[in-house]
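To convert, take the position in the sequence shown, counting from 1, and add 489; that gives this note's numbering. First the structure, in the form of structure tokens, and then the observations on it.
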Amino acid sequence: MYYSKPIKIQPVKTQAFTDQKPGTSGLRKKVTTFKQTDYLQNFVQSIFNCLPKLRGSTLILGGDGRFYNREAIQIILRMAAVNGVAKVILGQGGIFSTPAVSHLIRKHKALGGIILSASHNPGGMDGDFGIKYNISNGGPAPEEFTNAVFEESKKIKEYNIAGVKGIPLDLIGSYTLERMQIEIIDSVDDYAELMSQLFDFDKISKLLKSPDFSICFDAMYAVTGPYAKKILEQMLGAEEGSVIRGESLPNFGGGHPDPNLVHAKQLVARMYDTNETGSTPNFGAASDGDGDRNMIMGDYFFVTPSDSLAVIAANAKLIPAYKDGIKGIGRSMPTSQASDKVAKKLGIPCYETPTGWKFFGNLLDDKRITMCGEESFGTGSDHVREKDGLWAVLAWLNILAEREQSVEDILRQHWSEYGRNYYTRHDYENIPSESANQLIDNLQSNLDSLAGRVFNNRTVTIADNFTYHDPVDDSISENQGIRIIFDDDARIIFRLSGTGTGGATLRLYIERYVEDIKQHDLETQEALYDLIETAELLANIIGFTGRDEPTVIT
Ligand code: G1P
Ligand code: ZN
């Protein structure tokens, strides 16, 4: 047992920072910014000051293991101990995936949790770091709370911190710091147990052990390595080595832990056999820095995240946890409308929310939806209040085990039944904020004149800046993205990223619905070529940014 020596606490005087405004998912900044004297401390104290029920509470704490994770954990523990927290449940080594924290908050009925992650942003000394607070339903704190934290951070004058040395983060057990209890637990066990309750592990295991079926899971040297090895290899019996890049490294091996066709190169090489080994796995997947995103692939086949949500929802009854059907589907506004078609057929509602997982929380809590997703490689359900990468992987494996078809066959059959929503996102990264804002302002000022105009034979039916009315708490979120919708349901959407740490990122989302099965074989960029052209012209992307092509296409 480790006992700290009790000491008398004097608040530490501090100067407020002006830039601690949380974005789409918590506060994300360069590691160098977070390492400034008192920077993290100010933000953590601001969170604590906004939690009236903090005294005597239990908090869950952990992060994706990126550079500065361990130091930040020690600081937060020392602060929690003298801010009245009764107990912190901490992942071994300071590690928890984001969905694991969400689960533990719910399981232990904790007041909330602090997650240290900058998700898919690069890590390492010169990379990004992040911190976010999740509330008692397990989900990201709503805007009302994050705004209050920001206001607090601008006027903070002092913070409380215990002056003791560190806690041994790697040893499972109970510790005491001041009067606060710290319970260090295995990072994976509870989450793995939850997954085994949702899915048919016997069936999946049979599939994974069959000689004709192999998988490749790319953990991208990020947090899901230990989770995937335990669940896929040890519990379900996938061949050892099915999990690649499975060690969690503080700099993610120098990569960009974002599961898409650009950054998960190793996985893509295996699924398309670019190294000409003569064999490809039947199923491929990758997850991001903190384990909430996922990419799904078949051999020589990529499943768009929007389609993935639609397929999982359409096949939900094959999964034990959803065998009685789902109540509704949620999708973010820029996500393709593929799942709307499924909802329609199932006779359940489909909700359109702004970008960011926090908007699904109310719908899930109110039991209006069971599954939800975003085009940005995020899929999840009511089992937690975060998107969940491994959940999506297991959902697919469960469906594959039941249907005994290939990933591609399942998709083709899905399109033939519901039609195909061709979909792409073009990102223009790191453009000067001023140019990005001018581009959006210009689009905004032209919106009123767009309805009724014809572009490449399509007539604009709606041109607006998306406003969300939350049906549960009646809150209103404005300016959630400019959308131009055409008479054939094609859509062009523009918005600026709220998660970046350098300059601005313009995201352009393009979608077109094609019912005719004879046209389901087009290459995506070609299928959307005329809409992409219209979008580039309408926004005058070259004029405002000087860029004649995007930096990332997904
Ligand atoms: C991005 C994604 C969004 C996701 C968020 C957190 O936010 O677009 O769907 O919820 O990351 O993973 P953005 O940078 O676009 O604000
Ligand atoms: Zn993430």
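Note that CB positions come from ideal geometry on N, CA and C, so glycine has one too. Keep in mind the model is a prediction, meaning the values are calculated, not measured.
Residue j beta carbon less than 8 Å from that of residue i
i, j, result
"GLY601", "ALA575", "no"
"VAL501", "GLU647", "yes"
"GLY778", "ARG559", "no"
"LEU1017", "ILE999", "yes"
"CYS705", "GLY767", "no"
"GLN530", "ILE650", "yes"
"THR1013", "TYR917", "no"
"ARG782", "PRO770", "no"
"LEU756", "ASP707", "yes"
"VAL533", "ASP617", "no"
"GLN581", "GLY655", "no"
"VAL712", "ILE584", "yes"
"GLY727", "LEU683", "Checking the sequence, you will find Ala at residue 727 rather than Gly. Contact: no."
"ALA884", "ILE801", "yes"
"THR1043", "ASN749", "yes"
"MET709", "GLY744", "yes"
"ALA569", "MET669", "yes"
"VAL751", "VAL1041", "yes"
"ILE624", "HIS597", "no"
"LEU658", "ILE603", "no"
"LYS754", "VAL732", "no"
"VAL831", "ALA810", "no"
"PHE955", "ALA1028", "no"
"PHE702", "MET724", "no"
"TYR957", "PHE848", "yes"
"SER828", "ALA799", "yes"
"ALA505", "LYS643", "yes"
Integer-rounded CB distance, given that residue j should sit under 8 Å from residue i
i, j, result
"ASP675", "ILE661", "6 Å"
"PHE688", "ILE808", "6 Å"
"GLU875", "THR587", "5 Å"
"THR844", "MET860", "Actually they do not touch by this definition, with Cβ atoms about 17 Å apart."
"GLY552", "HIS592", "Incorrect: roughly 16 Å between the Cβ atoms, too far for contact."
"TYR664", "ILE671", "4 Å"
"GLY908", "ILE858", "In fact, because the Cβ distance is near 22 Å, the residues do not count as touching under 8 Å."
"LEU516", "GLY619", "6 Å"
"ALA979", "ARG996", "Rounded, the Cβ-Cβ distance is 17 Å, inconsistent with contact."
"ALA925", "ALA1024", "In fact, because the Cβ distance is near 15 Å, the residues do not count as touching under 8 Å."
"TRP846", "PRO629", "6 Å"
"LEU886", "ILE693", "5 Å"
"THR1034", "ILE920", "5 Å"
"THR990", "THR513", "That pair is no contact at about 12 Å."
"TYR1045", "TYR716", "Residue coverage of the chain in this structure runs from 490 to 1043, which leaves residue 1045 outside it and unanswerable."
"GLY714", "GLU736", "6 Å"
"PRO511", "VAL638", "7 Å"
"GLU864", "ARG914", "6 Å"
"GLY573", "LEU543", "5 Å"
Residues that residue i bridges to, as DSSP identifies them
i, result
"GLN670", "LYS576 and THR665"
"TYR957", "SER966"
"GLU647", "LYS502"
"CYS539", "BP columns for CYS539 are empty, so no partner."
"VAL949", "PHE975"
"ASN783", "SER776"
"PHE440", "In this structure the chain extends from 490 to 1043, so residue 440 is not present and cannot be described."
"ARG1003", "Reading off the sequence shown, one finds Val at residue 1003, where the question assumed Arg. In the DSSP output, where bridge partners are listed per residue, VAL1003 has ARG909."
"GLY819", "TYR840 and CYS861"
"PHE790", "GLY787"
"SER870", "MET860"
"THR547", "LYS576"
"PRO629", "ASN623"
"HIS609", "Per DSSP, none; premise fails for HIS609."
"ILE920", "ALA993"
"PHE706", "VAL732 and ALA774"
"TYR557", "DSSP output for TYR557 lists no bridge partner at all."
"GLN998", "The sequence shown places Tyr at residue 998, not Gln. DSSP, once it has assigned bridges, lists ARG914 and ILE982 as partnering TYR998."
"ILE603", "LEU550 and TYR622"
"GLY512", "GLY515"
"ILE1042", "HIS915"
"ILE584", "GLY552"
Query raised in the report: Would you call the region 826 to 843 and the region 920 to 929 in contact, with 3 or more CB pairs under 8 Å?
Result: no
Requested in this report: Could you tell me whether the region 768 to 778 touches the region 606 to 623, where touching means 3 or more Cβ pairs closer than 8 Å?
Outcome: yes
Query raised in the report: Can we say the region 857 to 870 touches the region 787 to 800, given the rule of at least three CB pairs closer than 8 Å?
Result: yes
Query raised in the report: Within the chosen definition, does the region 947 to 959 reach the region 901 to 915 through at least 3 CB pairs nearer than 8 Å?
Result: no
Query raised in the report: Counting pairs of Cβ atoms below 8 Å between the region 932 to 941 and the region 962 to 980, do you hit three or more?
Result: yes
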